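Input: a single structure, listed below in structure tokens.
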Amino acid sequence: MAEKEGTRVMVAESYDPLPTAAAAAEEAEAEIAEPGRARRLYRETKRAA
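Our numbering applies: residue 30 is where the sequence shown begins, and numbers increase by one.
Structure follows, in structure tokens:
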């Protein structure tokens, strides 16, 4: 990939997918416990923006 002059490319030194997977599992469990939670949070976020 060619770099354009004046641009900077950031690369993570290491990527650990476990925290991401753990957060996704936590969200899924919360959604099961409280159906519609994700939709409600999305609407609240859109209103705040």
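Heads up, the beta-carbon is just placed ideally off N, CA and C, and yes, glycines get one too. Being a predicted model, the structure only gives us computed values, none of them experimental.
Just to check my reading of the structure: residue 59 and residue 66 have Cβ atoms closer than 8 Å, yes? What is that Cβ distance to the nearest angstrom?
6 Å
Spatial distance of residue 44 from residue 50 (CA atoms)
12 Å
Can you grab the Cα-Cα spacing for the pair residue 70 / residue 55, in whole Å?
One Cα belongs to residue 70, the other to residue 55, and the distance between them is close to 15 Å.
Which whole runs of the alpha helix (DSSP H) in the region 40-74 are 4 residues long or more, in chain order?
46-62
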